[in-house]
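In this text, residue positions in the sequence shown follow the numbering used here: the first is 1191, and each later residue adds one.
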Amino acid sequence: MSIRKLKKNRRTFIKAFFSLLLVKSLHTRLVSADEENNYLINGPLAGSIYYTKNKPGKWKNLVESHTPLLEIYKNTLKVSTLHEMKGFEHYIIKHIVLDNKFNIISEKIFDPSKDIPISKHNIMGYNDKLYILSICNQHDTWLDIIKI
Ligand SMILES: [Fe+2]
């Protein structure tokens, strides 16, 4: 085998090796992100410290009225909670949006005397996923995650 052919094979091997490393690294990141989401939505904290649609814990009959509904349109995330606003007796206190590192991007505090529990958040420049919390004054904090 000529030296030229050996060099070409070496380059091909190096390219293939690094491509494989890149694919493996991306796959590991994706799997870890899915595992992290799964842990947050279905793990032991869900249903005890906070609630999710999959793990509503003691609030199993309140999933629909407390899980935040999420819609993205361009750079805006709309969060809605299908919950009554019965003055200060029973209402949604706030919506909170966090980035993939759990930094607060935006929050909306509701006035139950005049607001409905719908909020809009500018998410321009954020990627990967967002964590959304909706907090009820009687039925605690509900989490959902959206991939963007
Ligand atoms: Fe509630």
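Every residue gets a Cβ at the ideal spot worked out from N, C-alpha and C, and that includes glycine.
Under the three-state reduction of DSSP, residue 1238 is assigned to coil, being neither helix nor strand.
The beta carbons of residue 1313 and residue 1338 sit about 7 Å from each other, so the pair counts as a contact at 8 Å. For residue 1261, the enclosing beta strand (DSSP E) stretches over residues 1259–1263. Contact between the region 1220–1235 and the region 1275–1283 is not established, with fewer than three Cβ pairs separated by less than 8 Å. For residue 1270, the enclosing beta strand (DSSP E) starts and ends at 1266–1270. Ligand 1 has no heavy atom closer than 7 Å to the beta-carbon of residue 1285. Per DSSP, residue 1297 lies in no alpha helix (DSSP H) segment; the continuous beta strand (DSSP E) that holds it begins and ends at 1294–1299. Short note on residue 1280: C-beta closer than 7 Å to some heavy atom of ligand 1. DSSP lists 1288 and 1335 as the beta-bridge partner residues of residue 1321. Taking 8 Å as the upper bound for CB-CB distance, residue 1284 and residue 1297 are in contact here, some 6 Å apart.
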